[in-house]
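Inspection log for the structure reproduced underneath, given as structure tokens.
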Amino acid sequence: MRIGVIGAGAAGLTAAYRLTQSGHRVTVYEANPYVGGRTHSEHFGPGHHLDTGAGWLTSAYTSTLALFDELGERERLQPMRASAPAELLVEGKVYLGTGLPRTPAGEHIVPADERERLRNWLRWLEGYPPLGYRTFNDQENAEAHLAPVSPAATRYLFGPMFEGLFAPLSEQSAEFLRSWIAASRAQYFQVHEGMDAPWKRVASHLDVRLNARVEMIRQGGTRMEVVANSMGTEFDGIVAAVPPPAGNRFVTRAIEPRWVAQLDYEQIRYSGQCRLYLAMPGDAPARLHRRALPMGLIASVEWQSGGQGAWGKCPGGWQWALICGNQAYSTHLADLPDDEVAGHLWTEAAKLVPGLPPLKSWNVRHVVRWEQAVPTMAPGHFTRMAAYQRRPPLVFAGDWTHQACIEGAVRSGEAAAEAFGPG
Ligand SMILES: Cc1cc2nc3c(=O)[nH]c(=O)nc-3n(C[C@H](O)[C@H](O)[C@H](O)COP(=O)(O)OP(=O)(O)OC[C@H]3O[C@@H](n4cnc5c(N)ncnc54)[C@H](O)[C@@H]3O)c2cc1C
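Okay, structure coming up:
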């Protein structure tokens, strides 16, 4: 069969690669001038890059690791060094802890009478398989689920952690919280040359059209037509591997009446994310990882000396800082020019981290913006996804159909390819 794949992120590239292996003829359409989607890395010079989206993989990513093995990409992975101790700023007081919130250090913030319940819950989660499609308690929101466990942990640990990158706990499925925390017990890896390197390798085996934004898809009988850059091409099937807010432009109820309604496709939301990366020669006076709690405008500030950085790689003898706006502040900054975004993020970060060098003193100043950073797995989301049967000619893939991570995207791509059977 001839199959068009829309989106060259981890989901679309995995789908296209597996479809090609099954004997289909595949064309991938990608709106950007590069592949990788939210695994994109910015390269500033030799041995210096920033993973602008996903920064790590874990040993729980079995499908991703198997794919990298097949491609000979596994050797690019390097275990992530232990992160600097997190300094948590809670109502004016700084708490120090590594591996929050799973270790007793993280529990300093939790009053004694809540600690045992929190420990029991974390212990119970150790037996909880991550990254699946469980629907147990999926209708409940994460805040309600946590309330009997520990109000302080909800307010000071999980709330800010989830609100920073995702959405408030009250808008997230309890299942998402459990499965995310369960996944955090794995071994973490970075990709030596940048998170997008393996995806460039996958793409090198495929027919990928860059700068090809799909504007419309049309259905005529069993044939589908993809229109990109005003050119139409016919296919036997389509994999739509884009976040629904982008797909809403071309996946309509007329095209896919059943699943658009049942999956709540038009309502699926993604949080936004704005970050500022700074780097310059010199040693940082301290390794610092601060999270502003309870939630301020800034989700986290890291300021460290070079070497292997948390979100990529910075040369030895350099220092770097990464300032992440929380999702609400990121949305607020979204329409401003880069210079203004940098100014706002630096100003807020400097209030939390005294001594942060002035903005103009950094050699590298790079603003990262993600309009669609991570999907909101709202209550009921996993129940809807568990019901989804991928049926050609139009099949959805992407992190939103599985889990908000690379492994979720890869598994969704493999499931999409499987739905088409052998070519
Ligand atoms: C800041 C940040 C940090 C993250 N950290 C981690 C992490 O450490 N570990 C982890 O596992 N996950 C992390 N994630 C999540 C992970 O990056 C994503 O879940 C995963 O990469 C999603 O892959 P995808 O293929 O579903 O979507 P995407 O990567 O978004 O791919 C979709 C592609 O479709 C293209 N597209 C959109 N519209 C069109 C159109 N009309 N026509 C053609 N192409 C189109 C886009 O340009 C894009 O390339 C992070 C995400 C962000 C934003």
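Residue numbers (numbering that gives the first Met the number 0): 0 to 422.
All residues carry an ideal CB built from backbone N, CA and C; glycine is no exception.
A quick note: this is a predicted structure, and the numbers were derived from the prediction, not measured.
Roughly how many angstroms separate the alpha carbons of residue i and residue j, rounded to a whole number?
i, j, result
"A30", "V4", "12 angstroms"
"R101", "A182", "Residue placement at R101 is poorly supported in this model, since its pLDDT is 47, which falls under 50; the coordinates still yield a value, given next. For R101 and A182, the distance between alpha carbons rounds to 12 angstroms."
"W317", "F395", "43 angstroms"
"Q186", "V250", "38 angstroms"
"T232", "E224", "5 angstroms"
"S149", "G324", "26 angstroms"
"A152", "A53", "26 angstroms"
"T63", "R73", "10 angstroms"
"L393", "Q171", "28 angstroms"
"L164", "Q326", "6 angstroms"
"A349", "Q272", "19 angstroms"
"Y16", "A9", "10 angstroms"
"R116", "P45", "49 angstroms"
"L205", "V25", "8 angstroms"
"I237", "T57", "30 angstroms"
"G311", "Q77", "11 angstroms"
"E255", "T330", "30 angstroms"
"V363", "L355", "15 angstroms"
"L124", "R222", "46 angstroms"
"E86", "I405", "28 angstroms"
"E370", "Y269", "8 angstroms"
"S411", "R290", "32 angstroms"
"G36", "D337", "20 angstroms"
"A309", "Y264", "34 angstroms"
"A104", "Y94", "Its pLDDT being 43, under 50, A104 is placed unreliably in this model, and the value from its coordinates should be taken loosely. So the alpha carbons of these two residues sit roughly 9 angstroms apart."
"W361", "P353", "16 angstroms"
Helix or strand or just coil, what does DSSP make of residue i?
i, result
"Y328", "helix"
"L209", "coil"
"M384", "helix"
"H144", "helix"
"I267", "coil"
"E86", "strand"
"V409", "helix"
"E162", "helix"
"H42", "strand"
"D137", "coil"
"P244", "helix"
"I108", "helix"
"Q402", "coil"
"Y155", "helix"
"D282", "coil"
"R101", "With a pLDDT of only 47 at R101, under 50, the local geometry of the prediction cannot be trusted, and the value read off the model is given with reservation. Reduced to three states, the DSSP call for R101 is coil."
"I297", "strand"
"S21", "coil"
"L262", "coil"
"S172", "strand"
Mind checking whether residue i and residue j have CB atoms under 8 angstroms apart?
i, j, result
"M194", "S40", "yes"
"V300", "I267", "no"
"L351", "V340", "no"
"L130", "S178", "yes"
"L49", "P197", "no"
"E139", "P378", "yes"
"T400", "M376", "no"
"V34", "L12", "yes"
"V241", "G6", "yes"
"C313", "H47", "yes"
"L335", "W345", "no"
"W55", "F175", "no"
"Q303", "A283", "yes"
"A408", "G397", "yes"
"F381", "R133", "yes"
"M294", "G158", "yes"
"V207", "A227", "no"
"F439", "M0", "The chain is shown from 0 up to 422; residue 439 falls before or after that span and cannot be answered."
"G342", "W319", "no"
"A141", "A173", "yes"
"I108", "L156", "yes"
Going by DSSP, which residues form a beta bridge with residue i?
i, result
"W302", "L287 and A320"
"Y28", "I5 and R208"
"V238", "V4 and V394"
"V437", "Nothing about residue 437 can be reported from this structure: the residues present for the chain run from 0 to 422 only."
"Y33", "Per DSSP, none; premise fails for Y33."
"F188", "L56 and P78"
"M194", "Beta-bridge pairing links M194 to no other residue."
"V93", "L88"
"Y276", "L321 and H365"
"L49", "E41 and G311"
Is there at least one non-hydrogen atom of ligand 2 closer than 7 angstroms to the beta-carbon of residue i?
i, result
"D206", "No copy of ligand 2 occurs in the structure displayed; its ligands are ligand 1 alone."
Runs of beta strand (DSSP E) wholly within the stretch 335–391 (minimum 3 residues, chain order): 363–374
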